[in-house]
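To start, the structure itself, in structure tokens.
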Amino acid sequence: MNAQKKKKTIKTIKIDVEKCNGCRACEVICSAFHSSPKYSSNNPAKARIHVICDAVRNIYVPVYAGEYTAAECMGRDKYVIDGKEYDECAFCRASCPSRDRFKEPDTGLPLKCDMCESDPDLKEPWCVQWCLADALTYEEREVEEEEEERPEELEVGLEALIDKYGLDNIVETLARLSEAKEE
Ligand code: SF4
Ligand code: SF4
92 MNAQKKKKTI KTIKIDVEKC NGCRACEVIC SAFHSSPKYS SNNPAKARIH
142 VICDAVRNIY VPVYAGEYTA AECMGRDKYV IDGKEYDECA FCRASCPSRD
192 RFKEPDTGLP LKCDMCESDP DLKEPWCVQW CLADALTYEE REVEEEEEER
242 PEELEVGLEA LIDKYGLDNI VETLARLSEA KEE
């Protein structure tokens, strides 16, 4: 039996590290777009893009939040840029148990770049629009691929809570909350 194929739009943000000046406008607008209600506040700690800064050497590297992972990886990468060695996890995109980056500071829930998903679609993601240095360029391309179910943001968040507190605790808490709501 042939697997079902469907068209998919791949969204990419190309990063030109040479052009990034470390202004962090991308962090500000990302956190504002994802605040609730939208644009009501901004806190770069809640952004889904973080700019790794080394002002002395004039190096700024924007890193986008990627997938949540429940386990730390066994191997680490070491980067040497212009003779300076960077922290092993400096440019990693994952939200993982070994550090706080790409986690909601209040809840600890994982943050992931969603390309500013909104309805109607934005012409370009906000961080790209706000990057006046043109360090970020948005690109789209169509590909055909086999249908695959992707977990929703809610599912990823629940998985992270279960990893942190255990399934029984989450189920008990939900039952308690739902009873309280019904009263
Ligand atoms: S807005 Fe552009 S120049 Fe400013 S920190 Fe972000 S990527 Fe760099
Ligand atoms: S594309 Fe949108 S969600 Fe992703 S980092 Fe940029 S502003 Fe944040």
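Just remember that the working numbering sits 91 ahead of the position in the sequence shown, which is counted from 1. We put the beta carbon where it would ideally sit given N, CA and C, even for glycine.
A residue is called buried when at least 16 other Cβ atoms come within 10 angstroms of its Cβ; R190 does not meet this threshold and is exposed. Look at L213 here: in three-state DSSP terms it is coil, with no helix or strand label. Look at the region 167 to 230 and you find these whole runs of alpha helix (DSSP H), each 4 residues long or longer: 217 to 221. Inclusion of N112 in the 7 Å shell around ligand 1 follows from its C-beta lying nearer than that to a non-hydrogen atom of the ligand.
Using a 10 angstroms sphere on the CB of Y256, the tally of other CB atoms stays under 16, which defines it as exposed. Residue pairing from DSSP places V234 in a beta bridge opposite K99.
Taking the Cα of E230 as reference, the smallest distance to any Cα among I106, K96, K97 and D259 is reached at I106.
In its chain, beyond the 5 residues on either side, no residue has a beta carbon closer than 8 Å to the beta carbon of D197. The region 212 to 227 makes no contact with the region 176 to 185: fewer than 3 CB pairs, one atom from each, lie closer than 8 Å.
Excluding residues up to 5 positions away in sequence, Y151 and A224 lie with their Cβ nearer than 7 Å to the Cβ of N112 in the same chain. For V119, the uninterrupted alpha helix (DSSP H) run begins and ends at A116 to F124, by DSSP. The three-state secondary structure of Y151, taken from DSSP, is strand. Shown here for I172: same chain residues with a beta carbon closer than 7 Å to its own, the five before and five after excluded, namely I150 in chain order. Within the same chain, K137 and L202 come within 7 Å of E195 by CB-CB distance, once the 5 residues on both sides are set aside.
Under the 10 Å beta carbon count, E118 is surrounded by 16 or more other beta carbons and is classified as buried. Contact check for W217 against C207 passes: the beta carbons are separated by less than 8 Å. By the criterion of a C-beta distance shorter than 7 Å, R192 is surrounded in its chain by H141, once the five residues flanking it on both sides are discounted.
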